[in-house]
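So the mapping is simple: this note's numbering equals the position in the sequence shown, first residue as 1, plus 47. What follows is a short report on a single structure.
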Amino acid sequence: PWLPYQYRGAARDAPSLVHLYEASRQPSLFHSQCSLVVDCGFSFTHASPVLQNFTLNYAVRRMDLGGKALTNYLKELVSYRSLNVMDETLLIDDAKEKLCFVSLDVPRDLRLASLSFKDNPFRCSYILPDGITYKKGFVKDLDEARRYCSLPVEGELDKKDGDRDIDKDRKKPELSQNEFALTNERFLVPEMLFHPIDLGMNQAGLAECIVRAAQACHPYIQPVLYQSIILTGGSTLFPRFAERLQRELRPLVPEEYQVKIISQENPILGVWRGGSVLASSPDFDSMCVTKSEYEEMGSARCRRRFFH
């Protein structure tokens with residue numbers, strides 16, 4: 048592996064541990080040696096307990112669901128209800144990142160999403176590029192889309208509610224051939240992380256995955272794991288993700304345990320930044336297999352250094 052790049056040495060580490068290096072830069076985690084890293088990645092979602100710079104491999108739990116599956120699910124919904132976008136992965140991925148959010152009250156939001164356009168706070172349009180006027184896809188009214196990601200949790204918005212925060216003069220636009228509208232898809236797509244059974248997957252949701260990972264560890268460290276749950280990965284950027292996860296976890300965790308969820312500043316770059324922290328540490332050289340060691344002992348040196 049040294050031939051194409053000619054680098055001096057190589058180190059191998061688990062992504063969950065590298066994430067922790069980046070998260071440890073936060074003041075609240077500076078002295079933490081026991082955390083539970085939740086990585087909502089592209090293809091999978093992992094809940095990995097970490098203790099004193101070691102990932103507890105026997106306790107890691109995985110969901111076969113990630114950002115790729117959510118994008119594909121949104122492509123199917125849009126293609127069935129509006130335009131055929133099955134080949135437009137990048138565009139739908141952009142629409143997902145800009146329009147989707149996590150609901151705190153799914154039954155209420157489903158009722159709101161079924162209202163007519165004037166009373167529907169979730170309906171938004173995404174403009175597709177035509178190669179002439181628009182080179183990239185975009186949300187028609189991004190400020191309005193962000194505004195209605197934050198409906199009140201308590202109470203409902205209905206037609207009899209005089210204090211509702213929905214524009215009365217809102218008119219239904221005519222959709223052109225190069226745009227599609229999203230309503231309940233905005234919160235039903237991220238909902239799959241909490242209820243994969245709705246996609247036909249025989250797996251538990253994210254909260255149950257975290258609890259099973261913690262319960263696989265020694266009872267003495269379980270309270271510490273629940274107090275330091277670190278979120279990373281692009282799917283954790285959905286608005287209200289951490290708040291919903293907190294609500295899902297609280298009934299599943301013993302009452303005497305505190306549940307604390309910590310979000311990274313930029314979870315997409317968590318591994319890269321954690322790797323940069325590791326590479327700049329004084330102990331990094333002792334973790335590497337150098338080029339000369341590899342040329343002398345081959346892969347046996349890597350197995351001895353990284354797997355023992």
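The beta-carbon is built from N, C-alpha and C at its ideal position, and this holds for glycine as well. Nothing here was measured: the structure is a model prediction, and the numbers come from that model.
- Y273 and E312 have their alpha carbons spaced roughly 20 Å apart.
- For P286, the closest alpha carbon among the candidates Q269, L124, V236 is that of V236.
- Between K115 and the set L240, E255, R108, L67, the nearest pair of CA atoms involves L240.
- Beta-bridge annotation (DSSP): S328 is not paired with any residue.
- Around the beta carbon of K122, a 10 Å sphere encloses 16 or more other beta carbons of the protein chains shown; the residue is thus reported as buried.
- In this structure, the CA atom of A260 is about 8 Å from the CA atom of L83.
- Closest in alpha carbon position to Q262, among V65, G88, P96, is P96.
- In the DSSP secondary-structure assignment, A228 is bridged to S172.
- By the beta-carbon neighbour count (other beta carbons within 10 angstroms, threshold 16), A326 is exposed.
- Across the structure, H265 and R351 are spaced so that their CA atoms are roughly 27 Å apart.
- If you draw a straight line from the Cα of E302 to the Cα of Y267, it comes to about 16 Å.
- Our two residues, V324 and C147, have alpha carbons roughly 32 Å apart in a direct line.
- Burial state of K307 is exposed, judged by a 10 Å Cβ sphere holding fewer than 16 other Cβ atoms.
- Here I277 is bridged, per DSSP, to V84, I309.
- For Y105 and G113, the gap between their C-alpha atoms comes out near 22 Å.
- By the Cβ neighbour-count rule, K143 is buried, with 16 or more other Cβ atoms within 10 Å of its own.
- F227 is classed as buried because its beta carbon has at least 16 other beta carbons within 10 Å across all chains shown.
- Inter-segment contact for the region 281–295 and the region 238–258 is present: three or more beta-carbon pairs are separated by less than 8 Å.
- In the structure shown, the three-state DSSP call for M334 is helix.
- G252 has its alpha-carbon roughly 17 Å from the corresponding atom of F89.
- Scanning its chain for C-beta atoms nearer than 8 Å, with the 5 sequence neighbours on each side dropped, one finds around R297 the residues V306, in chain order.
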